[in-house]
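Encoded as structure tokens, the structure appears first; notes follow it.
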Amino acid sequence: MGDDSPETIDPDPGDEGDFRRDLGVIEAITFVTRSCPSGVVVEAAERALEAIKEGGSDVIQQQAYFVLTALQGWRGDRAHQVHRSLTRYLEQAQSQ
């Protein structure tokens with residue numbers, strides 16, 4: 022019989038290098054929707070992705086800020102990676 026168990030969406034736990042790389046904004050927000058245990062934060066990230074679909078590049082900075090603000094209680098390697106990636110994106114956007 023086939024294996025109906027769900028597939029993992031996270032990379033191999035032994036692949037520490039994945040958590041060290043910076044994520045793109047859309048990628049970071051998408052990881053929030055797939056990995057964060059908080060329903061409130063996931064909903065904020067889903068709304069952000071929808072707003073970006075509708076508003077395009079004009080709203081990415083604003084939505085990245087909203088998601089970053091919502092992340093305050095999320096912990097772990099993926100959370101740190103997402104937080105760092107969104108923070109760096111916002112810092113670079115402000116310096117331009």
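First residue of the sequence shown? That's 22 in this note's numbering, and the numbers climb one at a time after it.
Cβ coordinates follow ideal geometry from the N, Cα and C atoms, glycine included.
Here the structure is a predicted model, which is why all the values come from computation and not from measurement.
Query                                                                                            : Result
Of the listed residues Ile47, Phe52, Gly45, nearest to Arg99 (C-alpha basis)                     : Phe52
Residues near Glu67 by beta carbon distance below 6 Å, same chain, minus five either side        : Thr54
Beta-carbon proximity check, Arg96 vs Asp43, cutoff 8 Å                                          : no
Alpha-carbon to alpha-carbon, Ser106 and Gly45                                                   : 7 Å
Proximity test, Ile47 beta-carbon vs the ligand ADP heavy atom, cut-off 7 Å                      : Annotation note on the ligand ADP: not contained in the displayed structure, which lists no ligands.
Contact set for His101: own chain, Cβ-Cβ below 8 Å, skip 5 residues either direction             : Phe40
Backbone CA spacing between Asp59 and Gln117 [nearest angstrom]                                  : Checking the sequence, you will find Ser at residue 59 rather than Asp. The alpha-carbon atoms of Ser59 and Gln117 are separated by roughly 33 Å.
Which listed residue (Glu75, Ile81, Phe87, Gln115) has its alpha carbon closest to that of Glu64 : Phe87
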